[in-house]
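Structure first, commentary second.
Number of protein chains: 2
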Amino acid sequence: MENFEFYSPTCFVFGKDTENQAGKYVKRFNGSKVLIHYGGGSAVRSGLLDRIKKSLDGEGISYVELGGVKPNPRSGLVYEGIDICKKQRVDFVLAVGGGSVIDSAKAIAAGALYDGDFWDYYQGKWIEEALSVGTVLTIAAAGSEGSGDSVVTKEEGMFKRDAHGDVIRPKFSILNPALTQTLPPYQTAAGITDIMAHLYERYLTNTEEVEVTDRLIEGLLLTMIHEGPRVIADPDNYQARANIMWAGTMAHNNSVGVGRSQDWNSHTIEHELSALYDCAHGAGLAVTMPAVFTYQLSHNVMRFAQIAVRVWGCQMDFANPEATAKAGIEAFRNFLISIGMPKNFEELGAKEEDIPKLVDILCHGDGRKGSISGFITLNEDDCTKIYKMMI
Amino acid sequence: MENFEFYSPTCFVFGKDTENQAGKYVKRFNGSKVLIHYGGGSAVRSGLLDRIKKSLDGEGISYVELGGVKPNPRSGLVYEGIDICKKQRVDFVLAVGGGSVIDSAKAIAAGALYDGDFWDYYQGKWIEEALSVGTVLTIAAAGSEGSGDSVVTKEEGMFKRDAHGDVIRPKFSILNPALTQTLPPYQTAAGITDIMAHLYERYLTNTEEVEVTDRLIEGLLLTMIHEGPRVIADPDNYQARANIMWAGTMAHNNSVGVGRSQDWNSHTIEHELSALYDCAHGAGLAVTMPAVFTYQLSHNVMRFAQIAVRVWGCQMDFANPEATAKAGIEAFRNFLISIGMPKNFEELGAKEEDIPKLVDILCHGDGRKGSISGFITLNEDDCTKIYKMMI
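From first to last, the protein sequence lines stand for chains A and B.
Just so you know, we're using the numbering used here here: the first sequence kicks off at 698 and counts up by one.
Just so you know, we're using the numbering used here here: the second sequence kicks off at 698 and counts up by one.
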């Protein structure tokens, strides 16, 4: 295990009706003027926004609003949010939505206290200062409710990039599984896929002797395998939703990923797909991961065999561990198909002829030097082959 | 899953040589006058205390010292520490040691800002205010480095009781697995047992559909089963020590115990043993748990069968789940014996003739009303039977 610092000071408020405590928690974490940031109309139509406003009113906290966050959140709205925060002296950004809304809120919170262009943070500058962020989560997926990360797409060039800093970890995150019951099955499945990707990306490590984090990741994946199909079959299953929601948070606050190198090649390769086609990130991952894993398999056959046996219940083929490793990837692919995720470019809405463009942005866009690096380093040729495996 | 709040704002600093950053982290969390609190001479002899002082000196932080914490920390030293803090205007209590030192430090930190008798907190009053606490951990066991709990023994009557509050969660905890390499095997094994007890006590729940926390607990137990014997066989195995250390922290910061009822009958029953005989808490638990589990088995056979199959690799006996459940408890008992833990009263140094006294203090001491309550409620008769099973 490598040395590490783990700091997750987010207060998680979990369970039924907890959104009605939003005001109480904003107050507890010293917010007095809030920007409520949200996405489309569902937060309005469902009455969620009204309940949150009522809760803020109840604590005498004033607020302004900024809706309209789209999946794969864009820089344009972030600039708008920063402007509002500066002009209206906002001191707390409350994200009501999923990962896109939360990531956009984090970008606004960081940009509001920064004199330069907030995009600097998405080009590698560590975020040292930001307004306080809180969240009311409406989809179990991105894990942004417990992370110090944010992903935003720059409209000029459609670069999808990430930024990091402890100060953008939410002060509190309200997790009410019931709020996720109204999600369409496809979005639910995309969320499940994203959570499993966060676990796989941490599992694929080059650090040896990390049994504790291996076992924790396996436990969370087993949870997803048990609860995923239950919630797809019965969207109103509160308990299955609850188990998935806490698994999603634990999958990405990094308590199960400490002290080990991590992969993230699948995320990096997928980001170009959702940036170009605006597909759901999870759906893109469903197509990307089996290809990336298969391509990376020979780098550490035993690691893939281990997850096949421990998580997917494959029998170890001691004469041919590679067969076991492949069986694990196949089991994962079939699981993703079974919950309704796309299996190839066609089902995702991606096009073979775009591959050169995808590879070019992936390997050269926004400062990259011809390759990406995770579990293994992948150059343009590797990435081309991987995208072709997805056709 | 039940509603819950989970808040673990401790900054964990993990890995080799991290104790040299003590000063940096005291400063980061606004400490200026420190009470260094420690136990016996090993922290002095090993040079650990000197390294920490050097680190504080390096940041210009002044300090006073209070050593002498004994296992099962006593109220007497706590009163002394409170007095020092008040007189010397200490604002940060730095515990250098294991669970006993940390628990004593938490009691001092709480008592220093309280006008009444600190023991009020150990009789059920929630701790709302305390000096900041930091830790440099020297044994993986109690999990106190990441918890909001403290256990102290009142010398008058030898009552061993616990207190709780978010404010006594350490601001930071420095976890260097190398510091645990010099521990005698018995203490190492007692620590392993304590960690596994924290996991079992959370596993034995009356809350249904808690797959995510079940799976996380199982993962941590599997880690202990893998790494425990390795570290007993080779005390210098840094990697095994590291896996155990992080498992110990995760076992008790409650991220794997949220949203579910928990047991704690074994801890409650053991506390009287270590209070009376001053045995290692883990050693007492090794004798207590198999008896308590066997006594509680009929309350939920399937839960014990599940842990037997998933954690201990027992084959499920579908015609006789109780046989599987018992096989799991037996496997656990044999594991504890294999790492050098005592298996009965005699090996622990406890006496059959003390049972009436133990039961009396357990069920009536310090305000209890004739029974204790966890996975099931146990009255005097139950507790007597359980202690007798340990003979």
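Glycine included, every Cβ here is placed at the ideal spot set by N, Cα and C.
- Nearest in C-alpha terms to B/Y811, of all of B/I836, B/S797, B/I1026 and B/C782, is B/C782.
- Among the CB atoms of chain B, none fall inside 7 Å of the CB of A/E756.
- Taking C-beta atoms as the reference points, B/K713 and B/A875 count as a pair closer than 7 Å.
- Annotated as proximal: B/H978 and B/D891, with beta-carbon spacing under 7 Å.
- Counting only Cβ-Cβ distances below 9 Å, A/K822 has no contacts in chain B at all, with the closest Cβ about 21 Å away.
- Judged by beta-carbon spacing, B/G831 lies within the 7 Å limit of B/F869, meaning their Cβ atoms are closer than that value.
- If you check the CB distance, B/I865 and B/I1036 do not come in under 7 Å.
- At least one beta carbon of chain A lies nearer than 7 Å to the beta carbon of B/M698.
- Out of B/I914, B/L1033 and B/H964, the CA that lies nearest to the CA of B/R858 is found in B/H964.
- In terms of beta-carbon proximity, B/N951 stays away from the interface with chain A, with every pair separated by 7 Å or more.
- Sequence-ordered contacts of the stretch 702 to 732 of chain A with chain B read E702, F703, Y704, S705, P706, T707, C708, F709, V710, F711, G712, K713, D714 and T715 [C-beta pairs closer than 9 Å].
- At least one CB of chain A lies nearer than 7 Å to the CB of B/T920.
- Ranked by Cα distance from A/I871, the first of A/V793, A/F1042 and A/A948 is A/V793.
- Of all alpha-carbon atoms in A/V787, A/G738, A/F1042 and A/R742, the one lying nearest the alpha-carbon of A/G764 is that of A/G738.
- In the structure shown, B/L834 adopts extended strand secondary structure according to DSSP, grouped into three states.
- Here DSSP, grouped into helix, strand and coil, assigns A/C1080 to helix.
- Note: A/Y704 is bridge-paired with B/C708 in the DSSP secondary-structure output.
- At a cut-off of 3 residues, not a single continuous stretch assigned as beta strand (DSSP E) sits fully inside the stretch 943 to 998 of chain B.
- When Cβ-Cβ separations below 7 Å define contact, A/V864 makes no contact with chain B.
- Counting along the chain, A/Y760 sits inside the beta strand (DSSP E) bounded by residues S759 to L763.
- In this structure, A/V989 is the residue among A/V989, A/E1019 and A/S1070 with its C-alpha nearest to the C-alpha of A/I1088.
- When secondary structure is reduced to three states using DSSP, A/F789 falls in the strand class.
- Nearest to A/R1030 by alpha-carbon distance, out of A/I1058, A/A1020 and A/V984, is A/V984.
- When 8 Å is used as the limit between beta carbons, A/N940 is near these residues of chain B: M698, E906, V907, E908 and V909, in chain order.
- In the three-state DSSP reduction, B/G794 falls in the strand class (E or B).
- Proximity of the stretch 764 to 775 of chain B to the stretch 715 to 722 of chain B falls short of the contact definition, fewer than three beta-carbon pairs being nearer than 8 Å.
- By the C-beta density criterion, A/R938 is buried, having at least 16 other C-beta atoms within 10 angstroms.
- In terms of beta-carbon proximity, A/R927 stays away from the interface with chain B, with every pair separated by 7 Å or more.
- According to the DSSP secondary-structure assignment, B/S829 is paired through a beta bridge with B/F789.
- Counting C-beta pairs with one atom in each stretch, the stretch 912 to 923 of chain B and the stretch 909 to 920 of chain A have three or more that are closer than 8 Å, which means they touch.
- For B/H734, the beta-bridge partners assigned by DSSP are B/L763 and B/A792.
- B/A827 and B/A807 do touch by the CB rule: their CB atoms are close to 4 Å apart, below 8 Å.
- Distance check between B/Y992 and each of B/N1017, B/G744, B/N1076 and B/Y883 places B/N1076 closest, using alpha-carbon atoms only.
- A/D1057 and A/E1049 have their C-alpha atoms spaced approximately 14 Å apart.
- A residue is called buried once 16 or more other Cβ atoms fall within 10 Å of its Cβ, and B/D754, having fewer, is exposed.
- Proximity of chain A to B/M947 at the Cβ level (cut-off 9 Å) is accounted for by V909, L913, S952 and V953, in chain order.
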